[in-house]
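Engineer:
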Amino acid sequence: MASPAIGIRRHSAGRCPTSVEIIDHPSPNFGERRNGEAPDLIVIHYTAMTSAKAALERLCDPDAEVSAHYLISEAGQTTRLVAEECRAWHAGAGAWGGRGDVNSRSLGIELANDGTAPFSARQMDALEHLLAGMLQRWDVPLHGVIAHSDMAPMRKSDPGPKFDWHRLARSGLSVWPGGQTDRTADFQQAARIFGYPQAEPEALLAAFRRRFRPWASGPLDAVDRAMISDLAARYPVDPDAASA
Ligand SMILES: [Zn+2]
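Under my numbering, the first residue of the sequence shown carries the number 7, and numbering increases by one thereafter.
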């Protein structure tokens, strides 16, 4: 079984003790990571349910066959459902960086959110605290922090355009494109080099903009191309292939 880079602290000390205490509420929905894989991705979701309580019930319902490692409530309460060493069932069909079975190589965080509401400051604070620890424990690269919609652009749209990816990047918990216009590659090709899976062009652009340019509309433009080109140049899945 995979093991973390450093020990997991059950109750972390932090700047805001009420928001970082982790409650354990084990879900029966998990298994072993296949081939002993260690997580190199962290997938962020929203629950698309009316409350954290309803989401917790579903994520622990054996008939639902879904789970995540953590659920963070609207008020910022973090609940651990599945041990980080184990394989939670949150990602489903999809791929990132040319590899599928994302569940075996990822950690999943569900944010209680109905899909339309903004994410509260307390929820984001709790997420940032949790993410910082996970990145360190497993040595996950910053470009391995992705949206569910990134790895499944044809199926999923969470955590949606209201999720503040720019804030995560400013906090050093995710990546953000520089947007230099001197690097413009083919959008689809650059998206694949960055990690996106094969998808219809419209779905791919929608997934990209949801995360990096939620205020944009209209057809693919030079800004999209510059941003994805910058990401592909700085964070290629396969550095050898990207520079070839
Ligand atoms: Zn999801």
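Think of the CB as a built atom: it goes at the ideal place given N, C-alpha and C, for glycine as much as any other residue. This structure is a prediction, so every number in the text was calculated from the model and none was measured.
Using a threshold of 8 Å, state whether the C-beta atoms of ALA94 and ALA74 are closer than that.
Structural biologist: In contact: ALA94 and ALA74 (Cβ atoms closer than 8 Å).
Engineer: Thinking just about the alpha-carbon of each residue, which of PRO242, GLY201, ASP227 is nearest to the one in TRP100?
Structural biologist: According to the sequence provided, residue 100 is Gly. The question's Trp does not apply to it. When only C-alpha atoms are compared, the closest one is GLY201.
Engineer: What's the gap between the Cα of ARG21 and the Cα of ASP192?
Structural biologist: Its pLDDT being 48, under 50, ARG21 is placed unreliably in this model, and the value from its coordinates should be taken loosely. The alpha-carbon atoms of ARG21 and ASP192 are separated by roughly 44 Å.
Engineer: Could you check whether ASP236 and GLY184 sit closer than 8 Å to each other, using their CB atoms as the reference points?
Structural biologist: yes
Engineer: Taking all protein chains shown into account, do 16 or more other C-beta atoms lie within 10 angstroms of the C-beta of LYS59, making it buried, or fewer, making it exposed?
Structural biologist: exposed
Engineer: Is any non-hydrogen atom of ligand 1 found closer than 7 Å to the C-beta of ASP230, if you look at the structure I gave you?
Structural biologist: no
Engineer: Closer than 6 Å by C-beta to HIS154: which residues in its own chain qualify, once you throw out the five before and the five after it? Chain order, please.
Structural biologist: VAL49, HIS51, LYS162, ASP164
Engineer: Taking the DSSP output, what are the residues bridged to VAL151?
Structural biologist: ILE48
Engineer: Can you round the beta-carbon distance between ASP46 and GLY150 to whole angstroms, since I take them to be within the 8 Å contact cut?
Structural biologist: 5 Å
Engineer: Can you give the Cα-Cα distance for THR24 and SER126, rounded to whole angstroms?
Structural biologist: Caution applies to THR24, whose pLDDT of 46 falls short of 50 and renders its modelled position unreliable; the value that the coordinates give is listed next. Roughly 15 Å separates the two Cα atoms.
Engineer: Please classify ALA232 as buried or exposed, where buried requires at least 16 other C-beta atoms within 10 Å of its C-beta.
Structural biologist: buried
Engineer: Cβ-heavy atom distance between ASP164 and ligand 1 below 7 Å?
Structural biologist: yes
Engineer: For ARG64, tell me which candidate among CYS92, GLN83, PRO34 has the shortest Cα-Cα distance.
Structural biologist: PRO34
Engineer: Check whether the Cβ of HIS75 sits closer than 7 Å to any heavy atom of ligand 2, and report yes or no.
Structural biologist: This structure lacks ligand 2; the ligands present are ligand 1.
Engineer: For a minimum of 4 consecutive residues, which ranges assigned as the alpha helix (DSSP H) are wholly contained in the region 81-145?
Structural biologist: Secondary structure remark: continuous alpha helix (DSSP H) runs of at least 4 residues inside the region 81-145, in chain order: 127-144.
Engineer: For ligand 1, is there any heavy atom lying closer than 7 Å to the beta carbon of HIS154?
Structural biologist: yes
Engineer: Quick one: give me the first and last residue of the alpha helix (DSSP H) that ASP69 is part of.
Structural biologist: No alpha helix (DSSP H) contains ASP69, which DSSP labels as neither H nor E.
Engineer: In the structure shown, what three-state DSSP assignment does LEU65 receive?
Structural biologist: helix
Engineer: Quick check on DSSP: helix, strand or coil for PHE214?
Structural biologist: helix
Engineer: Tell me whether HIS51, by its Cβ, gets closer than 7 Å to a heavy atom of ligand 1.
Structural biologist: yes
Engineer: I'd like the list of long-range same chain contacts for MET160, defined as Cβ closer than 7 Å, with 5 residues on each side in sequence excluded.
Structural biologist: ALA205, GLU206, ALA209
Engineer: If you reduce the DSSP assignment to three classes, tell me which class ASP156 lands in.
Structural biologist: helix
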